[in-house]
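**Q** Following this message is one structure expressed as structure tokens.
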Amino acid sequence: MKDLRLLNSYEVFDYTPSMIKESREKNEGKVIMKGILQKADTLNQNGRIYPLEILQREIRNYQKFIAENRALGELDHPDSSVVNLKNVSHVIKEAYLDGGIVYGTVELLDTPSGKILQSLVESGVKLGISSRGVGSTKKQGDYHVVQDDFQLICWDYVSEPSTPGAFMLPEGKRIQSSELQKVFNKSDRIDRILNDIFINKGVK
Amino acid sequence: MSKTHNKKRNTALLYEFLVKTISSALVENDKKKSSTALRILRRHFKPGTQLYKEFRLFNALVKTSVSSEAVTNTIINEARAAAQQADMKQLDREKSLLIRNINHMLRDDNFYDQPVSEYRTFATIQTLLNEWRKSPGTADIESLAKYEEQLRSWLLTEKKATEHVLSDDTPGESRLLMKVMMKKLNEKYSASLNTDQKEIIRSYAFSAANDDLTTIKRKLTEIKDELLNSIDGYVDQHSESEYIVKKLKEAKDNIVLENLENIDDSTVSRFMLYSSLRHELIDGDGENK
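Read top to bottom, the protein sequences are chains A and B.
Take 1106 as the starting number for the first sequence in the numbering used here and just add one per residue.
Take 20 as the starting number for the second sequence in the numbering used here and just add one per residue.
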């Protein structure tokens, strides 16, 4: 049985109050932000490296969540693999990889957590965005490489760590594979297999 | 174990080391190494050789399970008699030649260090065989009694039937290859493969070993037909799920075109995915959408 853990990454999500104002004007009051969600093949603040091919696959699998408008994220990381609707603050509208960097378009929602997030952003508070996923890691030298069993769940907004390495956790919470059944429904699992089939056949 | 036990001259260990070398080379796609190890095994363990006779004797002792202590005595007496009939000089020559070929042809520094789960039992049996063959009065009686007692307990232990590579079948190339591949793949993937995927591997190993694609072709055709039906069934019941339905239809168009005239590793790996898909489509558990 694989030792699956809750794994997080961290990227600073740079935004200024003036950019928020501009977004509201352009998008009928909605706050829509674009930025870097994650980086592949780069040592992150948690001492982990997400290999490019694994992020490519997970971004491909995440497209279904985006297409079905359920690519939701929370304000702050919970200690769970399941996205808690009560704490949802934003929805990812677009995610793609370019040159090893995952770029995304995020809409801040008018939920309670979303409003807090909007207020923080408008006040110029520095925020970070952090992926939440489940998988195992393998130690290689001084860092841990995320393994092929990694499954991306979502991206959450988190406060910026004041010192480098503040997010450093040797191991995330252990996750039972049965818990993943709650995160990925049957059609998500079918979609993952279909993506693997298309890649295997060289389609897309 | 006895200070006199030499793993390099233990017939069953040499056989196991060769089988493990074949299996790991097969999994790592090192065809040269697997065929070399297989050639050594076939040459040295062929019927009629002293090595083969000792291997058979080993095999009988390793695999036998009895419930009565009296029967263990009979078995040990029979095994002793059989061991004493061996042509010792010839057996020694054959072992030396086998070791020389292993060292020269495989050139694997770790060959003799491969883990064998029943190492202690194999060592006990080899030591006993050696002691039984000694001239009267020269055997170490104390050690002999200790090892016979260990063998007696082993014979009284219930064995897991499927775990031995050691087989009393003629170690022919086809059967051996298939057994080795299946054992290795089962060890590595048994927890994560579904029944159909295990069957695909079994059929592919069988077909490869016999150089006849009939078995694997039949299995893949069956999976293809069942998958196409499963896709139709799922699409009919989930027409509202546009995203997944569209992709399933696209996948179906590709699966229909699968040509099973030329089956190779990539065909099999694709069908492993098809089997996963079918399993997910028809599996009622976890149906939360």
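Just so it is clear, CB atoms sit at the ideal spot from N, CA and C, and this is done for glycine as well.
Since the structure is predicted, the reported quantities are computational estimates derived from the model, not experimental observations.
Give me the Cα-Cα distance between A:ALA1200 and A:GLU1179, rounded to the nearest whole angstrom.
**A** One C-alpha to the other measures close to 17 Å.
**Q** Just checking: is the beta-carbon of A:SER1292 within a distance shorter than 7 Å of some beta-carbon in chain B?
**A** Closer than 7 Å to some Cβ of chain B, the Cβ of A:SER1292 qualifies, so yes.
**Q** Apart from the five residues just before and just after A:THR1210, which ones in its own chain have a Cβ nearer than 6 Å to its Cβ?
**A** Cβ within range, chain order: LYS1139, LYS1198, GLU1199.
**Q** For B:SER294, I'd like the list of residues in its chain whose CB is within less than 7 Å of its CB, leaving aside the five on either flank, ordered along the chain.
**A** Excluding residues within five positions, the ones whose Cβ falls inside 7 Å are ASN213, ASP215, GLN216, ILE219, ILE242.
**Q** Is A:ASP1146 near A:GLY1205, with beta carbons less than 7 Å apart?
**A** Cβ atoms of A:ASP1146 and A:GLY1205: closer than 7 Å.
**Q** Is B:PHE141 helix, strand or coil when you go by DSSP?
**A** In this structure, B:PHE141 counts as helix in the three-state DSSP scheme.
**Q** Output the distance between the C-alpha atoms of A:GLY1270 and A:VAL1263, rounded to the nearest integer angstrom.
**A** Any reading at A:GLY1270 needs caution, since the residue's pLDDT is 46, under 50, leaving its predicted position unreliable; the model's value is listed next. For A:GLY1270 and A:VAL1263, the distance between alpha carbons rounds to 14 Å.
**Q** Name the chain B residues whose beta carbon is nearer than 7 Å to that of A:ASP1096?
**A** Chain A is shown only over 1106 to 1309; residue 1096 of chain A falls outside these bounds and no answer can be derived.
**Q** Taking only runs of the alpha helix (DSSP H) that begin and end inside the segment 1147 to 1213 of chain A, which ones reach a length of at least 4 residues, in chain order?
**A** The qualifying runs are 1157 to 1172.
**Q** Name the DSSP beta bridge partners of A:HIS1249, please?
**A** Answer is A:ARG1153, A:LYS1244, bridged to A:HIS1249.
**Q** Quick one: is B:GLY67 buried, meaning 16 or more other Cβ sit within 10 Å of its Cβ, or exposed?
**A** Exposed is the call here.
**Q** Nearest to A:ASN1300 by CA position, among B:SER249, B:LEU60, B:ARG289, is which residue?
**A** Nearest of B:SER249, B:LEU60, B:ARG289 to A:ASN1300, Cα basis: B:ARG289.
**Q** Only counting the same chain, and skipping five residues up and downstream in sequence, which positions put a Cβ closer than 7 Å to that of B:TRP173?
**A** Answer for B:TRP173: THR140, listed in chain order.
**Q** With A:LEU1319 and A:THR1242 assumed to form a contact (beta carbons below 8 Å), what rounded beta-carbon distance in angstroms separates them?
**A** Residue 1319 of chain A is absent from the structure shown; chain A starts at 1106 and stops at 1309.
**Q** Tell me the rounded alpha-carbon separation between B:LYS178 and B:GLU137.
**A** Spanning the two alpha carbons is a distance of roughly 11 Å.
**Q** Is any beta-carbon of chain A found at less than 7 Å from that of B:TYR223?
**A** Cβ-Cβ to chain A under 7 Å: no for B:TYR223.
**Q** Could you name the residues of the same chain whose beta carbon sits closer than 7 Å to that of A:ARG1297, not counting the 5 residues immediately before and after it, in chain order?
**A** The residues are ASN1166.
**Q** Contact defined as beta carbons within less than 8 Å: I believe A:GLU1127 pairs with A:LEU1257. What is the distance between those atoms, to the nearest angstrom?
**A** About 30 Å; that fails the 8 Å criterion.
**Q** Buried or exposed for B:THR30, going by 16 or more other Cβ atoms inside 10 Å?
**A** Classification for B:THR30: buried.
**Q** Since A:ALA1172 meets chain B, which of its residues come closer than 8 Å, beta carbon to beta carbon?
**A** Those are TYR262, listed as they occur along chain B.
**Q** Do the CB positions of A:VAL1193 and A:LEU1213 come within less than 7 Å of each other?
**A** For A:VAL1193 and A:LEU1213, no; Cβs fall outside 7 Å.
**Q** Whole angstroms is fine: what's the gap from B:ASP231's alpha carbon to B:THR286's?
**A** Near 16 Å, if we compare the C-alpha coordinates of B:THR286 and B:ASP231.
**Q** From this set, B:LYS266, B:ILE95, B:GLU113, which residue's C-alpha is nearest B:GLN69's C-alpha?
**A** Ranking the options by Cα distance to B:GLN69, first place goes to B:GLU113.
**Q** Taking the alpha helix (DSSP H) that B:LEU88 belongs to, which residues open and close that run?
**A** Here the sequence assigns Glu to residue 88 of chain B, which means Leu is not the residue at that position. That run of the alpha helix (DSSP H) goes 88 to 103.
**Q** Roughly how many angstroms separate the alpha carbons of B:GLN103 and B:ILE144, rounded to a whole number?
**A** Whole-angstrom Cα-Cα distance: 14 Å.
**Q** Determine contact between the segment 122 to 134 of chain B and the segment 45 to 61 of chain B, defined as no fewer than three beta-carbon pairs at a distance below 8 Å.
**A** With the cut-off at 8 Å, the segment 122 to 134 of chain B and the segment 45 to 61 of chain B touch.
**Q** Count the other C-beta atoms from every protein chain shown that fall within 10 angstroms of the C-beta of B:LEU148, then say buried if there are 16 or more, exposed otherwise.
**A** It is buried - the Cβ of B:LEU148 has at least 16 other Cβ atoms within 10 Å.
**Q** By DSSP, does A:GLY1140 sit in helix, in strand, or in coil?
**A** Of the three classes helix, strand and coil, the one that applies to A:GLY1140 here is strand, per DSSP.
**Q** Just how far apart, CA to CA, sit A:GLY1240 and A:GLN1161?
**A** The straight-line gap from Cα to Cα measures roughly 15 Å.
**Q** For A:ASP1296, which residues in chain B fall below 7 Å Cβ to Cβ?
**A** By Cβ distance, chain B contributes ILE263, LYS266.
**Q** Return the residues of the segment 1181 to 1209 of chain A that lie within a Cβ-Cβ distance of less than 9 Å from chain B, sorted by chain order.
**A** Those residues of the segment 1181 to 1209 of chain A that come within reach of chain B (Cβ to Cβ, closer than 9 Å) do not exist; the list is empty.
**Q** Which residues share a DSSP beta bridge with A:ILE1234?
**A** Note: A:ILE1234 sits in a beta bridge opposite A:GLU1116, A:TYR1262.
**Q** Put B:ARG152 into one of helix, strand or coil per three-state DSSP.
**A** Three-state result, B:ARG152: coil.
**Q** Put B:VAL275 into one of helix, strand or coil per three-state DSSP.
**A** Helix.
**Q** With a cut-off of 7 Å, does the C-beta of A:ARG1175 fall near any C-beta of chain B?
**A** Not closer than 7 Å to any Cβ of chain B, the Cβ of A:ARG1175 fails to qualify, so no.
**Q** Can you tell me whether A:LYS1220 is helix, strand or coil according to DSSP?
**A** Correct three-state label for A:LYS1220: helix.
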